Amino acid sequence: MDEKLFSIGQVAKSFGIHTSTLRYYEEVGVLKPAVRRSGRRYYGMPELERLTLIQMLQSNDLSLNEIFHLLTYPTELINWREVLNEHIAKLEKQIRSAVAAKSYLEYLLTCPSKNVFDGCPYLYREIQRRLATHIPD
């Protein structure tokens with residue numbers, strides 16, 4: 001029994017991406033079609049699984065370069081673990097930054113002034129603190 005194949009257009013529509021994205025994935029080496037018939041690309045289940053994995057990794061903010069290395073050299077444990085550890089560190093930094101931003105905005109909500117941008121002592125102190133880091137000695 002032949003494996004079911006899907007055209008590039010079917011795959012693009014099903015995954016909510018452009019056909020040019022699939023062509024680019026092929027160009028950079030992260031996803032190749034199962035076969036070409038008369039110059040047209042067709043994808044089977046292994047390619048669709050790989051595309052799903054690519055999208056999962058991208059949704060976790062991994063770059064195509066990182067994904068390429070993870071998928072191309074999966075047996076080099078140090079390499080893929082290093083990539084993931086670096087990415088986890090980057091995400092932890094983003095989380096800390098987002099939590100700090102949220103806390104600061106919540107703090108500003110407590111400002112007694114009707115206009116937080118004009119007359120709020122909390123905001124004024126923060127502006128002065130940050131400004132001091134930019135003024136040359």
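Residue numbering for the sequence shown follows full-length UniProt numbering, starting at 1 and increasing by one per position. C-beta atoms are modelled at their ideal positions from N, C-alpha and C, and glycine is treated no differently. Remember, predicted model here, so these are calculated numbers, not experimental data.
CB-CB length for residue i against residue j, believed under 8 Å
| i | j | result |
| --- | --- | --- |
| residue 122 | residue 108 | 6 Å |
| residue 6 | residue 55 | Between residue 55 and residue 6 the Cβ distance is about 16 Å, and since that is not below 8 Å, they are no contact. |
| residue 28 | residue 53 | Going by Cβ atoms, the distance from residue 28 to residue 53 rounds to 15 Å, so no, they are not a contact pair. |
Among the options, nearest to residue i - alpha-carbon criterion
| i | options | result |
| --- | --- | --- |
| residue 69 | 22, 60 and 82 | 82 |
| residue 178 | 92, 105 and 19 | No answer is possible for residue 178: it lies beyond the span of the chain, which begins at 1 and ends at 137. |
| residue 61 | 94, 42 and 99 | 94 |
| residue 101 | 118, 126 and 84 | 126 |
| residue 71 | 51, 59, 90 and 86 | 51 |
| residue 58 | 37, 36, 87 and 38 | 87 |
| residue 26 | 42, 103 and 118 | 42 |
Identity of the residues DSSP links to residue i by a beta bridge
| i | result |
| --- | --- |
| residue 6 | 43 |
| residue 35 | 42 |
Residue i classed as buried or exposed, judged by whether at least 16 other C-beta atoms fall within 10 angstroms
| i | result |
| --- | --- |
| residue 131 | exposed |
| residue 8 | buried |
| residue 135 | exposed |
| residue 67 | buried |
| residue 73 | exposed |
| residue 91 | exposed |
| residue 105 | exposed |
| residue 99 | exposed |
(Q) Check whether the stretch 46-58 and the stretch 29-38 touch, using three or more Cβ-Cβ pairs below 8 Å as the test. (A) Yes, the stretch 46-58 touches the stretch 29-38.
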